[in-house]
Amino acid sequence: MLEALALAALPVLIGGALAPVAASAQEAQALPARDADLTLTGTITGMDHQSYQRAPFTMPEGVDRLVVAFDYDGREEKTVIDLGLEDVNGFRGASGGNKPHFTIARSDATPSYLAGPIDAGEWALSLVVPNIRQGVTAEWTARIWFLQGAEAQMPPSPTAGRGLGWYRGDLHMHTGHSDGSCDSEAGRRVPCPLFRTVEAAKARNLDFIAITEHNTTSHAGALYEVQQYFDHTLLIPGREITTFFGHFNIFGITSPIDFRITKGGVIGFDTIADRVHELGGIVSINHPGLPSGELCMGCGWTMDNADYAKADAVELVNGSSLASADRNPEGIVSAIPFWTKLQSEGFALTPLGGSDNHDPDAHDLGAVGAPVTFIEAQDLTPQALFDGIRKGRSFIAIDPSARPLHLDFSAAGGGKSARMGGDLQLARALVRLMPDVQAPAGSVVEFHDGGTPIAELPIADAPSGVDVSLDAGTHHVHLRIRSGSGDLLAIGNAIRIDVARDE
Ligand SMILES: [Zn+2]
Ligand SMILES: [Zn+2]
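Quick note, the sequence shown lines up with residues -25 to -1, 1 to 478 if you use mature numbering (1 follows the signal peptide of the UniProt record, and there is no 0).
And the structure:
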């Protein structure tokens, strides 16, 4: 009987560029920007009233994410087609009539569907027809995308469309999906649900956060579900690759990554970084200023043979580390010496900040959004923020309550100029440094060449800039803003300045 019904609605397989059904603006953001890989269509009639249909399709090898958009006509005549999905093993979820599109990956799925492996073979849409009137005919269309690799990493974000700006965020935090915890309603210590961290981020007006669980991807499903509710806070899937020889964050990846680095083994920092880049993500070395030992195993950075050309960024300020040490971002666990040493070796890593929060109810340094990382990006999307990181457009506000606060600068000489994150080649030693800063009254703007202060200006005089003379050779000049009482308020990325050697 079922077979006969399936015949009545035999899907027509059409590859590629069939005219898509009318897409709403919301759909345009939620679906891949390119044409579907497969379009199934079918017809139901009054004969199919109260029937179950099955529309099979072949799942190719190597698919990392499935996206389905489903539509049908005849709603004005009370035709209803409910949707579900079968994979090679059977039931994979059912969304009834409430979701016009859904996605499934190993790590996450639209609520109603089950995340998990996408095995090649025969899959099928399950169509349920609770109602179609006698004499009525309705057409249905399912557009199907088979995504792989970089294209498959993250579902689209509802925060897109904000345009160019400096966005505020926190790129390092943990929830109950790794070792984050909080008090339950009755005061029990429990693995903290992820939405509590997102609420804390929203309360602190963050534009973006990355949830970076230790070595797992189990949070990707919760992130995807929660993202649908938070229109204004971008949730970036992250992971803290946690090894015996140091920790590093990877951003924008939901695929599994083997983290088991051993001395002399096949898996190393370089191989993981290569895979992350292949998938379109970002690699950032975490808290390299921490010591390693039995108090914090593998926390310091002792990675052998790391190619730092494969590191996009470094966590220059880690809130939780500071809170557990001397609270000083230039103090005993500072990552600044690591950063400037790599600069002197020719590696320009973009500085980022992270709270390393493990409890959304925490306040003070290490709370969600303490510190804040600012990234200049073309839009509030993961890829735009990643481009901003690649261009080096970042600064870190250590105390998020310091207002106003902005940090950027340019360097100019010999008719050329560069912005923070850029490069400048000069024939002569004289360079003009122009801060673009805002800070509380009484603050001081300092310029540093690597680890060495070379100039400073009271905040009131910042708009006039300062001329400095640099020796022949390569310099990495960055800017720090310090409060009137001497506390570091903000630190930004450098401009690399090459001064030609005297002939
Ligand atoms: Zn860590
Ligand atoms: Zn961490």
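Here a beta-carbon is modelled for each residue, glycine too, at the ideal position from N, C-alpha and C. Note that this is a predicted model, so its numbers are computed, not measured.
Whether residue i touches residue j by CB criterion (7 Å)
| i | j | result |
| --- | --- | --- |
| Gly367 | Asn468 | yes |
| Gly68 | Leu41 | no |
| Phe223 | Ile211 | no |
| Thr325 | Ala288 | yes |
| Ala300 | Ile260 | no |
| Gln123 | Gly256 | no |
| Gln318 | His189 | no |
| Pro410 | Ala437 | yes |
| Met55 | Pro105 | The residue you asked about is not Met; residue 55 is Val in the sequence shown. Yes. |
| Leu432 | Val443 | no |
| Thr218 | Gly268 | no |
| residue 486 | Thr315 | Look at the range of the chain in this structure, -25 to 478, and you will see that residue 486 is not part of it. |
| Trp97 | Pro31 | Here residue 97 turns out to be Glu, not Trp, going by the sequence shown. Closer than 7 Å, so yes. |
| Gly213 | Ile186 | yes |
| His76 | Ala44 | yes |
| Phe220 | Met278 | yes |
| Glu114 | Thr14 | no |
| Ser82 | Thr172 | no |
Euclidean distance between Cα positions of residue i and residue j
| i | j | result |
| --- | --- | --- |
| Tyr142 | Phe183 | 7 Å |
| His149 | Asp233 | 19 Å |
| His252 | Glu215 | 16 Å |
| Asp39 | Val419 | 51 Å |
| Ala414 | Phe422 | 15 Å |
| Thr16 | Asp46 | 10 Å |
| Phe313 | Asp10 | 46 Å |
| Ala416 | Ile373 | 17 Å |
| Leu412 | Ser230 | Sequence inspection shows Val at residue 412; the Leu mentioned does not correspond to that position. Using only the alpha carbons, I get a separation of about 39 Å. |
| Asp446 | Val406 | 11 Å |
| Leu58 | Ser26 | 12 Å |
| Arg378 | Leu463 | 13 Å |
| residue 482 | Leu355 | Since the displayed the chain opens at -25 and closes at 478, residue 482 lies outside it and no answer follows. |
| Ser460 | Gly240 | 49 Å |
| Ile350 | Ala135 | 15 Å |
| Thr78 | Asp94 | 15 Å |
| Pro7 | Ala84 | 15 Å |
| Gly(-10) | Leu382 | For Gly(-10), the predicted structure reports a pLDDT of 32, less than 50, and the residue's modelled location is therefore unreliable. A value from the coordinates is still provided. Going by the C-alpha atoms only, they are around 47 Å apart. |
Closest Cα partner of residue i within the set the options
| i | options | result |
| --- | --- | --- |
| Pro131 | Gln202, Asn224 and Ala5 | Ala5 |
| Leu380 | Ala387, Arg164, Gly65 and Phe370 | Phe370 |
| Gly49 | Val111, Ile434, Phe313 and Thr172 | Val111 |
| Thr208 | Pro86, Phe170 and Pro231 | Phe170 |
| Asn180 | Asp145, Asp158, His333 and Ala197 | Asp145 |
| Ile236 | Asn280, Ala195 and Thr229 | Asn280 |
| Leu297 | Leu340, Pro266, Gly328 and Asp446 | Leu340 |
| Asp12 | Ile107, Arg29, Glu52 and Arg118 | Arg118 |
| Ala404 | Gly448, Ala377 and Pro428 | Gly448 |
| Asn332 | Ser101, Ser26, Asp154 and Asp94 | Asp154 |
| Ala402 | Gly196, Asp374 and Ile472 | Ile472 |
| Asp249 | Glu52, Ala284 and Pro266 | Ala284 |
| Met22 | Ile107, His262, Pro31 and Phe66 | Ile107 |
| Leu291 | Pro263, Ala435 and Cys271 | Pro263 |
| His194 | Ile311, Pro166, Lys177 and Phe220 | Pro166 |
| Gly328 | Ala197, Ala465, Ser439 and Ile242 | Ala465 |
Three-state secondary structure assigned by DSSP to residue i
| i | result |
| --- | --- |
| Thr315 | helix |
| Thr237 | coil |
| Met129 | coil |
| Gln123 | coil |
| Val173 | helix |
| Ser70 | strand |
| Phe422 | strand |
| Gly461 | coil |
| Met409 | strand |
| Leu(-8) | Residue placement at Leu(-8) cannot be trusted, given a pLDDT of 32 that sits under 50; the coordinates are not used to answer. |
| Glu269 | coil |
| Arg365 | helix |
| residue 488 | Not covered by the structure: residue 488. The range shown for the chain is -25 to 478. |
| Leu324 | coil |
| Ser159 | coil |
| Gln28 | strand |
| Asn201 | The amino acid occupying residue 201 in the given sequence is Val; Asn does not appear at that position. Three-state DSSP puts Val201 in a helix. |
| Val251 | helix |
| Ala400 | A small fix is needed here, since residue 400 is Gln in this sequence, not Ala. Three-state result, Gln400: strand. |
| Ala(-3) | Bear in mind that the predicted position of Ala(-3) carries a pLDDT of just 45, short of 50, making it unreliable; the figure below should be weighed with that in mind. Correct three-state label for Ala(-3): coil. |
| Ile336 | Note that residue 336 is Asp in the sequence shown here, rather than Ile. The answer is coil: DSSP assigns Asp336 none of H, G, I, E or B. |
| Ala288 | strand |
| Ala447 | coil |
CB contact below 7 Å: residue i versus chain D
| i | result |
| --- | --- |
| Gly243 | The chain labelled as chain D is not found in the depicted structure, where only one protein chain is given. |
Proximity test, residue i beta-carbon vs ligand 4 heavy atom, cut-off 6 Å
| i | result |
| --- | --- |
| Asn261 | Ligand 4 is not part of the structure shown, which contains ligand 1 and ligand 2 as its ligands. |
Cβ contact (3+ pairs, closer than 8 Å) linking the segment 126 to 140 and the segment 52 to 69
no
Could you tell me whether the segment 382 to 401 touches the segment 449 to 466, using the rule of 3 or more Cβ pairs below 8 Å?
yes
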